[in-house]
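In the working numbering, the protein residues as written are 561 to 928.
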Amino acid sequence: MIIQDVRLTVVDNPHAGAVTEGIKGGTARHQIVLIEVVTDEGLEGQAFAWGGRSGLATAHLLAAIVRPLLIGEDPLNREYLWQKVRSMDRWWGFLPIYAAGPLDVALWDLGAKAANLPLYRFLGAYRDRLPAYASSLILESPEAFADQALGFQSEGYTAYKLHPWGDPQRDVEACRAVRRAVGDGMVLMSDPVGAYTPQQALRVGRALEELGYYWFEEPLPDYDLHGYRELARQLDIPIAGTESLAGGLMGTTQYIVQGAVDIVRSDVSWKGGVTGLMKTAALCEAFGLNCEVHTTTNALLDAANLHVSCAIRNCEYFEILVPQAPFSFGVTDPIRIDERGDVRPGDRPGLGVELDWDRLRHYTVATI
561 MIIQDVRLTV VDNPHAGAVT EGIKGGTARH QIVLIEVVTD EGLEGQAFAW
611 GGRSGLATAH LLAAIVRPLL IGEDPLNREY LWQKVRSMDR WWGFLPIYAA
661 GPLDVALWDL GAKAANLPLY RFLGAYRDRL PAYASSLILE SPEAFADQAL
711 GFQSEGYTAY KLHPWGDPQR DVEACRAVRR AVGDGMVLMS DPVGAYTPQQ
761 ALRVGRALEE LGYYWFEEPL PDYDLHGYRE LARQLDIPIA GTESLAGGLM
811 GTTQYIVQGA VDIVRSDVSW KGGVTGLMKT AALCEAFGLN CEVHTTTNAL
861 LDAANLHVSC AIRNCEYFEI LVPQAPFSFG VTDPIRIDER GDVRPGDRPG
911 LGVELDWDRL RHYTVATI
């Protein structure tokens, strides 16, 4: 089997307004890039890439730099192709961190389809379900977070994560309001998206410990290795980080060996695809750490996240950004929790996701 083409289609997400208002660093246009790896035998692998500030820029980068490395190659040689792209990119140093991973996802989707297996079983299944947590956008008040958490608790979610504003005092008020609203029976996390100084993070972390929060995510910018190491030493609440570090697996390694995080965050978009995420999870397991998989903000890559989460032992929860509509665009069957608050990858071959071709075509900007 030989790769004949890598089709790249830039698509506007019609829910861009909600994404812009609810995520730090959101943009006026929220685009995805549909990747289709086409073979001479008619089998295809698919993935979405995050468009960042411009899906056209992402697609042109992939077309000019990565696509030529794949044409004519055997798509089942995933490790070889992963290393080939990594070497070209000087060890994940030049391309945006979200560019190359989706191509690896498409290759794994293709391989699992060729084997007629769902991806998590193709990888070697550990389980077929795991609990999900509702992961908020940035809301307007502590009361809004509390009301949202209560609503998702009533829908069957067993865990909830806040993305507060980055103001330590106000953030603690929101975390306290949520705990008061949902009681002690719901697992809670907080993620200020790297907004604090080390001193602020220490104060907020101690408050979260008193409130019984399960983890404290990205309290500092991810590049602050020293700050993370000191914070992890001083706090009992588990510190989660590394999600936005460049360098993939290798960028994460020093945080693990120096004890700078208690939980590693990784995903198939920013950490080199399924191959990179599986490598990261194995390294974490060797050091006795969980590799908690981070949302990619798009439906097809989150499906890949779910498959990997079910193929590794050291992941406890699956992240679902809420409300789901902006992040489930492009598929007909977004991930849903069951009556236990769990999510399942399903049993269809590959990623097992049906694309919403009508809407994708309607919102297509360009094919490259």
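Idealized CB from N, CA, C, for every residue including glycine.
query: Just to confirm, are Gly836 and Gly819 a CB contact at a threshold of 8 Å?; result: no
query: Specify the secondary structure class of Pro724 as computed by DSSP and reduced to three states.; result: coil
query: What does a CB cutoff of less than 7 Å around Gly661 pick up in its chain, not counting 5 residues either side in sequence?; result: Val828, Ser829, Trp830, Lys831, Gly832, Gly833 and Gly836
query: Quick check: the Cα distance between Tyr756 and Ala674, rounded to an integer number of angstroms?; result: 47 Å
query: Does DSSP put Val828 in a helix, a strand or coil?; result: coil
query: Looking at Val571 and Ile595, is the spacing between their C-beta atoms short of 8 Å?; result: no
query: Give the straight-line distance between the Cα atoms of Thr857 and Phe847, rounded to the nearest whole angstrom.; result: 28 Å
query: Pull up the CB-CB distance for Leu722 and Asp751, whole angstroms please, since I reckon it's below 8 Å.; result: 7 Å
query: Can you tell me where the alpha helix (DSSP H) holding Leu843 begins and where it ends?; result: Gly833 to Ala846
query: Write down every uninterrupted run of the beta strand (DSSP E) in the stretch 690-722 whose length is 3 residues or greater and which is fully enclosed by it, in chain order.; result: 690-695 and 719-722
query: Assuming Ile897 and Val903 make a contact with CB atoms under 8 Å, what is their CB distance in whole Å?; result: 6 Å
query: With a threshold of 16 other CB atoms inside 10 Å of the CB of Phe712, please say whether the residue is buried or exposed.; result: buried
query: Would you kindly report the start and end of the unbroken beta strand (DSSP E) that includes Gly612?; result: Per DSSP, Gly612 belongs to no beta strand (DSSP E) and is neither H nor E.
query: Output yes or no for whether 8 Å exceeds the beta carbon distance between Asp744 and Gly716.; result: no
query: From Ala806 to Ile657, what distance separates their C-alpha atoms?; result: 6 Å
query: Quick check: what's the CA-CA separation for Ser804 versus Asp907?; result: 31 Å
query: Please name the residue in Arg766, Asp862, Trp610 and Leu710 whose C-alpha comes closest to that of Arg739.; result: Leu710
query: The alpha helix (DSSP H) spanning Ala672 covers which residue range?; result: Gly661 to Ala674
query: Report the rounded CA-to-CA distance for Val597 versus Gln564, giving the unit in angstroms.; result: 8 Å
query: In three-state DSSP terms, what is Gln760?; result: helix
query: Under three-state DSSP, which class holds Gly605?; result: strand
query: May I ask you to report which of helix, strand or coil DSSP gives Ala803?; result: A small fix is needed here, since residue 803 is Glu in this sequence, not Ala. Correct three-state label for Glu803: coil.
query: Give the straight-line distance between the Cα atoms of Asp634 and Ile562, rounded to the nearest whole angstrom.; result: 5 Å
query: Please state if the CB of Phe608 and the CB of Ala926 are separated by a distance shorter than 8 Å.; result: no
query: How would you write the range of the alpha helix (DSSP H) that Ile895 sits in, first residue to last?; result: Taken as a continuous stretch (DSSP letters only), Ile895 belongs to no alpha helix (DSSP H), as it is neither H nor E.
query: Could you check what DSSP says for Cys735 in three-state terms: helix, strand or coil?; result: helix
query: Among Ile631, Leu843, Ala672 and Cys735, which has the Cα closest to the Cα of Ala864?; result: Ala672
query: Which of the three DSSP states, helix, strand or coil, is assigned to Glu778?; result: coil
query: If distances are taken between C-alpha atoms only, which option among Glu777, Arg766, Ala576 and Arg567 comes closest to Gln884?; result: Ala576
query: Out of curiosity, what's the CA-to-CA distance linking Phe682 and Arg763?; result: 45 Å
query: To which residues does DSSP link Pro678 through a beta bridge?; result: Gly910
query: Reducing DSSP to helix, strand and coil, say where Ala619 ends up.; result: helix
query: Residues in the same chain with beta-carbon distance under 7 Å from Leu866, minus the five sequence neighbours each way, listed in chain order, please.; result: Phe878, Ile895, Val903 and Pro905
query: Three-state secondary structure (DSSP) at Asp634?; result: coil
query: Determine the direct distance from the alpha carbon of Ser701 to that of Gln759, and round the result to whole angstroms.; result: 24 Å
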